[in-house]
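Numbering (the working numbering), first residue to last: 71 to 383. A virtual CB, placed ideally from N, CA and C, is assigned to each residue, including glycine. Report on one structure; see the data block that follows.
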Amino acid sequence: MAADVMVCKGLHKRYGDVVAVDDVGFRIAEGETYGLLGPNGAGKTTTISMIVGILERDAGEVLLCGRDHTVNDVAGKALVGYVPQELALYPDLTGRENLRFFASLYGLARGAAKARVAEALEVIGLADRAKDLVKEYSGGMKRRLNIGLGLLHRPRLLVLDEPTAGVDPQSRNAILESVERLAGEGIGVLYTTHYMEEAERLCDRVGIIDLGRLQAEGTPHELVGMVGEHDRITFTADGDPAEVVRALEGLPAVRQAGTRDGVIDLLVDDAPAVLPRLLEAASRAGTAVRSVEVRRPNLESVFLHLTGKALRD
Numbered sequence: 071m072a073a074d075v076m077v078c079k080g081l082h083k084r085y086g087d088v089v090a091v092d093d094v095g096f097r098i099a100e101g102e103t104y105g106l107l108g109p110n111g112a113g114k115t116t117t118i119s120m121i122v123g124i125l126e127r128d129a130g131e132v133l134l135c136g137r138d139h140t141v142n143d144v145a146g147k148a149l150v151g152y153v154p155q156e157l158a159l160y161p162d163l164t165g166r167e168n169l170r171f172f173a174s175l176y177g178l179a180r181g182a183a184k185a186r187v188a189e190a191l192e193v194i195g196l197a198d199r200a201k202d203l204v205k206e207y208s209g210g211m212k213r214r215l216n217i218g219l220g221l222l223h224r225p226r227l228l229v230l231d232e233p234t235a236g237v238d239p240q241s242r243n244a245i246l247e248s249v250e251r252l253a254g255e256g257i258g259v260l261y262t263t264h265y266m267e268e269a270e271r272l273c274d275r276v277g278i279i280d281l282g283r284l285q286a287e288g289t290p291h292e293l294v295g296m297v298g299e300h301d302r303i304t305f306t307a308d309g310d311p312a313e314v315v316r317a318l319e320g321l322p323a324v325r326q327a328g329t330r331d332g333v334i335d336l337l338v339d340d341a342p343a344v345l346p347r348l349l350e351a352a353s354r355a356g357t358a359v360r361s362v363e364v365r366r367p368n369l370e371s372v373f374l375h376l377t378g379k380a381l382r383d
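Spelled out as structure tokens, the structure:
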């Protein structure tokens, strides 16, 4: 079993009468990507700030690689690569020069800095643009370079706060591929996003935070199972839809069957497994199925169920 790179317990933060974070705790293992999802104002940024050590917590603890981490823990901060939403780049320097400058701030010796800069450029896919001025970069390239800054010291935990916000689809995919590669190399990743499909693609486990509290946590599959929603299958077919419904509604996996504007709607358990039996039953009823659409519950369903909001709210 992979060791934990970060464990937080009982995190609490209050601003006057407002409780921003209330008893939040979770853990991230080596090579694991953990998604922290929540609507705006849910407490994500405050939680992250306490984890990386830039905000004093009112209560709780943060352990990095087994050691207690606080705002005064300089050695602990060296274990973290923090990539905030705001870009921290010098536009009149090249991509390589930006990385070299930040490597010097980390105190890396010249030989080590050269190797780390080259390594970061490869990971973020900017090796071929390293000599270009940052002011000539696209928004997506700047985001990727910003991630590179957080990798220079080879952190054990990489914190990415909405790294794809406002970028083009090509750069977004490049960022996601970089995150997948880093997790594959054993880095623990804490990832926040307003794009549910990113969480479904990247995250081994997800925590959903709202009103300052962690409302649910688990793998995407486990979270979807909590909601208890069924898969939905929609058929368009020749013949009498009511006859097809009568043929299908008696099957064990079919929870609900009905027609709407000549379209057959079914709620079923495990649509991929039961679909062949449904098509066979429809055929026996003398119906030719023209089209099939399958919609399965996903993290968006879970999020709406738990928070009553869309992720971007």
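For residue i, the first and last residue of its enclosing alpha helix (DSSP H)
| i | result |
| --- | --- |
| Gln240 | Pro239 to Gly254 |
| Glu287 | Taken as a continuous stretch (DSSP letters only), Glu287 belongs to no alpha helix (DSSP H), being part of the beta strand (DSSP E) at Arg283 to Gly288. |
| Leu405 | No statement about residue 405 is possible, as the shown extent of the chain runs from 71 to 383 and does not include it. |
| Arg271 | Met266 to Leu272 |
| Ala145 | Val144 to Lys147 |
| Val259 | Run containing Val259: none in the alpha helix (DSSP H); it sits in the beta strand (DSSP E), Gly258 to Thr262. |
| Ala190 | Arg180 to Val193 |
Presumed contact (8 Å Cβ cut-off) between residue i and residue j, rounded CB distance
| i | j | result |
| --- | --- | --- |
| Leu159 | Lys212 | 6 Å |
| Ala183 | Arg199 | Wrong, their Cβ atoms sit about 19 Å apart, outside the cutoff. |
| Ala394 | Leu191 | Lying outside 71 to 383, the shown extent of the chain, residue 394 is not represented and no answer is given. |
| Gly218 | Val237 | No, Gly218 and Val237 are not in contact; Cβ-Cβ is about 15 Å, not under 8 Å. |
| His223 | Ala148 | 6 Å |
| Thr117 | Leu81 | 6 Å |
| Val187 | Arg166 | 6 Å |
| Arg325 | Val333 | Their Cβ separation, rounded to whole angstroms, is 18 Å, which puts Arg325 and Val333 out of contact at 8 Å. |
| Val344 | Pro233 | Actually they do not touch by this definition, with Cβ atoms about 39 Å apart. |
| Phe96 | Leu284 | 7 Å |
| Val294 | Leu369 | 7 Å |
| Gly220 | Gly136 | Rounded, the Cβ-Cβ distance is 22 Å, inconsistent with contact. |
| Gly323 | Asp340 | Looking at the sequence itself, residue 323 is Ala, so the reference to Gly does not match. Indeed they touch by this definition, with Cβ atoms about 7 Å apart. |
| Ala307 | Ala244 | Actually they do not touch by this definition, with Cβ atoms about 43 Å apart. |
| Arg127 | Lys79 | At roughly 11 Å, the Cβ-Cβ gap does not stay under 8 Å, so Arg127 and Lys79 are not in contact. |
Counterpart residues of residue i in DSSP-defined beta bridges
| i | result |
| --- | --- |
| Lys83 | Val91 |
| Cys78 | Phe96 and Val132 |
| Tyr152 | Val229 |
| Asp301 | Val338 |
| Ile278 | Leu107 and Ala286 |
| Arg325 | Beta-bridge pairing links Arg325 to no other residue. |
| Asp308 | DSSP, once it has assigned bridges, lists no residue as partnering Asp308. |
| Arg330 | Val333 |
| Arg137 | Leu134 |
| Thr164 | Leu203 |
Burial state of residue i, where buried means 16 or more other Cβ atoms lie within 10 Å
| i | result |
| --- | --- |
| His291 | exposed |
| Asp301 | buried |
| Asp175 | According to the sequence displayed, residue 175 carries Leu and not Asp. Exposed is the call here. |
| Ala269 | buried |
| Asn110 | exposed |
| Asp280 | buried |
| Gly86 | exposed |
| Gly328 | exposed |
| Gly108 | buried |
| Arg242 | buried |
| Lys201 | exposed |
| Gly123 | buried |
| Pro225 | buried |
| Pro239 | exposed |
Endpoints, beta strand (DSSP E) assigned at residue i
| i | result |
| --- | --- |
| Leu107 | Thr103 to Leu107 |
| Gly124 | Sequence inspection shows Ile at residue 124; the Gly mentioned does not correspond to that position. Note, Ile124: premise wrong, no beta strand (DSSP E); not H, not E. |
| Ser371 | Unbroken run through Ser371 is the alpha helix (DSSP H), Leu369 to Thr377; no beta strand (DSSP E). |
| Leu159 | Neither: Leu159 is in no beta strand (DSSP E) and is coded neither H nor E. |
| Ser208 | From DSSP, Ser208 is part of no beta strand (DSSP E); its letter is neither H nor E. |
| Arg360 | Val359 to Arg365 |
- Message: Under 8 Å: do the segment 316 to 328 and the segment 342 to 362 share three or more Cβ pairs, one atom per stretch?
- Response: yes
- Touching or not, the segment 123 to 142 and the segment 201 to 218, by the rule of three or more beta carbon pairs under 8 Å? no
- Query: Should the segment 85 to 103 be regarded as contacting the segment 263 to 277, the criterion being three or more beta carbon pairs within less than 8 Å?
  - Reply: yes
- Item | Inter-stretch contact at 8 Å, needing at least 3 Cβ pairs: the segment 223 to 237 / the segment 251 to 265 | yes
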